[in-house]
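**Q**
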Amino acid sequence: EQVDDDNKKEYCALQLDSADDKKKALEHTVQDHENAIATGKEAIATLTEEIAALTKGIKDMDKSVVEATEQRKAENIEYKELMASNGAAKDLLNFAKNRLNKFYNPKLYKAAPKREL
């Protein structure tokens with residue numbers, strides 16, 4: 064009977080060691096998973112901050128594009144007005160030049176076309 068008890072004791076010791084090893088392995092696995100979760104949460108937080116910064120950058124860029132568009136439209140209007148006034152000034156100078164040709168150089172004078180009323 065003592066031999067049987069010794070065998071059972073040895074068997075139980077082996078089972079306890081095996082269970083203890085499994086417990087330690089599971090604890091390491093749990094710890095690894097907890098570390099992975101913590102790393103994932105940090106990555107999510109970092110990405111959230113980056114997304115917020117990029118979104119702000121996009122909004123700022125959109126605002127600058129709108130401002131640049133308004134500026135270009137204003138410059139275009141100003142340019143068209145300048146070209147119109149330059150054309151009018153050129154026509155006026157040609158008219159004055161023709162009038163001077165009438166008096167000083169009649170060969171170069173071009174008579175104005177007759178307008179119908």
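Just so you know, the sequence shown maps onto residues 64 to 180 in this note's numbering. Cβ atoms here follow ideal geometry from the backbone N, Cα and C, with glycine treated the same way.
According to DSSP, is residue 176 helix, strand or coil?
**A** Note: residue 176 maps to coil in three-state DSSP.
**Q** From which residue to which residue does the alpha helix (DSSP H) around residue 64 run?
**A** Element bounds for residue 64: n/a, residue is neither H nor E.
**Q** Below 8 Å between beta carbons: does that hold for residue 164 and residue 171?
**A** Cβ atoms of residue 164 and residue 171: closer than 8 Å.
**Q** Roughly how many angstroms separate the alpha carbons of residue 96 and residue 124, rounded to a whole number?
**A** Those two C-alpha atoms are separated by around 41 Å.
**Q** Please report the straight-line C-alpha distance between residue 139 and residue 179, rounded to a whole angstrom.
**A** 37 Å
**Q** Roughly how many angstroms separate the alpha carbons of residue 121 and residue 106, rounded to a whole number?
**A** 22 Å
**Q** Compute the beta-carbon to beta-carbon distance between residue 173 and residue 161, rounded to the nearest angstrom, for a pair I have assumed lies under 8 Å.
**A** 6 Å
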